[in-house]
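What the sequence shown shows, in my numbering, is residues 983 to 1163, in sequence order.
Just so you know, even glycine gets a beta-carbon here, dropped at the ideal spot from N, CA and C.
For clarity, every value in this text was computed on a predicted model and none was experimentally measured.
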Amino acid sequence: MNNLWKKRLNLYLKRMIKYYRYVFNDHFVIALLFLLGGISYTYSNFIKSLNVDLSYPWAKPVVIIVLLVMLQFGKVGTLIDEPDKVFLLPQEKGMREYLMKAQKRAWVSNSVIQIVVWIVLLPFIYYGVHLNPLESIILLLSQVALKVVQVNLFFIRAFEAKYQAGKYSLILNYVVPLIVY
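Take a look at the structure:
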């Protein structure tokens, strides 16, 4: 199963590289750089306009909404194909190892997204919300922990027969993060 995971991951990455070569052509990359530069410049000016001494009551809800929305981003890729349900059934015990590799990859890739969002929000968290560095790090750790829990719940719901009902997904994806924040 370890070889199967490596083979499928390499095949997936090769497909994505070919696809990205078409998507990120020269003109699109230049336009994307200008757009990203303009947004960064505007965000920088906005942060400079914030006064450290003033309290902004709208700042915390904005940070919570951004973090909550970004918590919903990120996919879990198991790289399992439709025929695998039939052909890998005899190797059902080995699938646990395969799925653990997929789960670890999902943890890392989704955590990176959350860390990047936190880094972008960090100046606003400091100047707008007035959190100290320790509170900011706790916010990051809670964001990453919530994403890891979401990934774990995906695997439980997808591959454990008795937990396939997703009736609590709304609560787990939106209400619990709001309580944590």
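Query	Result
Considering only their Cβ atoms, is the gap separating K1129 from G1059 smaller than 8 Å?	no
Between which two residues does the alpha helix (DSSP H) harbouring S1093 extend?	M1077 to F1106
Comparing C-alpha positions only, which one of I1101, R1078, L1135 and G1020 sits nearest to L1123?	I1101
To which residues of the same chain is N1155 closer than 8 Å at the C-beta, ignoring the five residues directly before and after it?	L1053, Q1054 and Q1132
I'd like to know whether the C-beta atoms of V1045 and L1103 end up nearer to each other than 8 Å.	yes
So, does the region 1065 to 1083 touch the region 1031 to 1050, judging by three or more C-beta pairs under 8 Å?	no
For N1134, I'd like the list of residues in its chain whose CB is within less than 8 Å of its CB, leaving aside the five on either flank, ordered along the chain.	Q1085
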